[in-house]
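Asks: Numbering (this note's numbering), first residue to last: 203 to 638.
(1) For residue 212, count the other beta carbons within 10 Å of its own beta carbon; 16 or more makes it buried, fewer makes it exposed. Which is it?
(2) Put residue 230 into one of helix, strand or coil per three-state DSSP.
(3) Here's the rule I'm using: 16 or more other beta-carbon atoms within 10 Å means buried, otherwise exposed. How should residue 385 be labelled?
(4) For residue 388, report the span of its alpha helix (DSSP H) as first-last.
(5) Starting from the N-terminal side, write out each stretch of the alpha helix (DSSP H) that is 4 residues or longer and does not extend beyond the segment 287-371.
(6) Determine the extent of the alpha helix (DSSP H) in which residue 472 is found, giving its start and end residues.
(7) Within the same chain, show all residues whose beta-carbon is closer than 6 Å to that of residue 394, passing over the 5 residues directly before and after it, in chain order.
(8) Pop quiz: residue 252 and residue 505 are said to be a contact at Cβ under 8 Å. What is the actual Cβ separation, rounded to whole angstroms?
(9) Could you pull out every unbroken alpha helix (DSSP H) segment of at least 4 residues lying fully inside the segment 571-621, listed in chain order?
(10) Assuming contact is defined by CB atoms lying nearer than 9 Å, are residue 595 and residue 619 in contact in what I supplied?
(11) If we ignore side chains and look at the alpha-carbon of each, how far apart do residue 270 and residue 451 end up?
(12) Enumerate in chain order the residues of its own chain whose CB-to-CB distance from residue 310 is below 6 Å, with the five nearest sequence positions on each side excluded.
(13) Below 8 Å CB to CB, which residues in the same chain sit around residue 233 once its five sequence neighbours on both sides are set aside?
(14) Can the beta-carbon of residue 466 be found less than 9 Å from the beta-carbon of residue 265?
(15) From this set, 414, 591 and 407, which residue's C-alpha is nearest residue 623's C-alpha?
(16) Span of the alpha helix (DSSP H) holding residue 454?
(17) Quick check: the Cα distance between residue 400 and residue 561, rounded to an integer number of angstroms?
(18) Count the other CB atoms, across all protein chains shown, that sit within 10 Å of the CB of residue 429; report buried if there are 16 or more and exposed otherwise.
(19) Report the three-state DSSP secondary structure of residue 417 (helix, strand or coil).
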C-alpha cells in the first residue's frame with residue numbers, strides 16, 4: 203500500500219485519539235518511512251534533516267510572537283477588549299446577546315482576513331487578542347468552534363483569492379510551478395479561477411455559523427480575566443505606526459522576519475517597551491508560539507520522509523493512470539490527492555511544487571483549460587490547510603481559544619474546519635474545473 207496514505211492515516215488516527223500532534227507526526231513519519239522501504243536509521247536521518255527546512259519559519263513565528271507581545275504592551279488589544287465589554291455590558295445585558303455575538307464574529311473575521319492581506323502578520327495576533335476575549339465569549343455562551351471556524355476562514359480564504367500579502371506569495375508560487383509544469387498563465391487570472399472554490403468556503407462558513415449558533419457554557423478561569431492595563435493615545439498611535447512599519451518592511455524586503463523586527467523597533471522607540479525589557483519580551487513571544495513552532499518543525503520532517511520514499515510521486519502517477527480520459531474523474535482524483543498530501547504536510551504553499559509537476563501535464567492531456575487547471579491545482583493545494591492538525595491555520599486558533607484548557611485542537615478546531623471547508627472546497631473546486 204502507498205506509504206503516503208499509510209503515514210497520513212496513521213497521523214490522523216493518532217491525532218483523533220488525542221495523541222499530541224508532534225508525537226503523531228513523528229510516529230506517522232516512522233510508519234511511512236518503514237512502509238516506503240526506508241530503514242529506521244534512514245527514516246530518522248531524513249526526518250532530522252527535514253527539521254532544518256523550517257528554521258526560517260520557526261524564527262519568523264518567534265519574532266512575530268514578540269511583535270504581538272510588544273503591540274499588546276501599547277494597550278491596543280486592551281482598548282479593543284474594553285470597547286467590546288462596554289458594548290455588551292459587564293453582564294451582557296445592555297445589548298441583545300444575538301447582536302453582540304454578531305458584532306464579535308464580524309470583528310474577529312475582519313481581523314483574521316486583515317492578518318493575511320492588509321496587515322500580513324498571519325497568526326501572531328491570535329494568542330494576544332483572543333485569550334482576553336474568552337471571558338466575553340463565556341459570558342455570551344459563544345461556541346468556540348464557531349470562533350475557530352471564523353478564524354480559520356480568515357486565515358485561508360483571503361490568500362487563496364486575493365493577490366495581496368500572503369496571497370501574493372501563494373499566487374506567485376502557483377504561477378511559477380504551473381509554468382515549470384508546462385503551462386504559462388497570467389497571474390491576473392488566478393483570482394478569477396479561484397473565485398468559485400472560495401465561494402465554497404464562504405458557504406462552509408455560513409453553515410458553520412448556523413451549526414454552532416446554539417449557546418455553549420464554559421467555566422471562567424483567572425487565566426482569561428481581562429487585565430485592566432493602562433493605555434494612552436500616544437501608545438495607540440505608535441502601535442498603529444508599528445503595524446504600518448512592519449507591513450512596509452515585510453513587503454519591501456519580502457521577509458516576515460525583517461517586518462517583525464521593524465515593528466518591534468518602532469514600539470521600542472515609542473517608549474512603551476524599554477530596551478532592557480527586550481530579552482524578556484522576545485522570550486515571552488517565543489513561548490507563546492513555541493507549540494506552533496514545534497508542530498511546524500515536525501511537519502517539515504514528516505514531509506521530507508514522505509518525499510524520500512518516492513510514494514508521493516507514485517500516488518500522483520497511480521491516480522493519473524486510473525483517470526484515463528475521464529475529465530470528471532480526473533478533476534476529483536486530483537483534488538483528493540491534493541487533500542491527502544496537504545493534510546500530511548500542513549501547508550498549501552509547500553504542496554504546490556509537489557503536485558504541479560504531475561497535475562499540470564495531466565490537465566493538459568485531459569484537455570482542461572488554463573483557468574480550470576488553476577482551479578484544480580490551487581484548490582488541491584489549499585485542501586487540508588484548513589483541516590490539517592499540522593497547519594498553522596488550525597494551530598493558531600487553538601493557541602488562542604485553548605488558553606484556559608477548554609478547547610481541544612483536534613475535535614474543536616481541526617474536525618470542524620475540515621468538515622466546513624475541505625468538503626465545500628472539493629465540491630466547488632470540482633465545479634470550477636468542469637465549467638471554466
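No residue lacks a Cβ here, since even glycine has one placed at the ideal position from N, Cα and C.
Replies: A quick look at the data gives this:
(1) buried
(2) helix
(3) buried
(4) Element bounds for residue 388: n/a, residue is neither H nor E.
(5) 299-316, 328-342 and 346-363
(6) 458-472
(7) none
(8) 7 Å
(9) 572-584 and 594-603
(10) yes
(11) 16 Å
(12) 352
(13) 208, 209 and 212
(14) yes
(15) 407
(16) 435-455
(17) 20 Å
(18) Caution is warranted here: a pLDDT of 47 is assigned to residue 429, below 50, making its placement in the model unreliable, and the coordinate value is therefore given only provisionally. Label assigned to residue 429: exposed.
(19) coil
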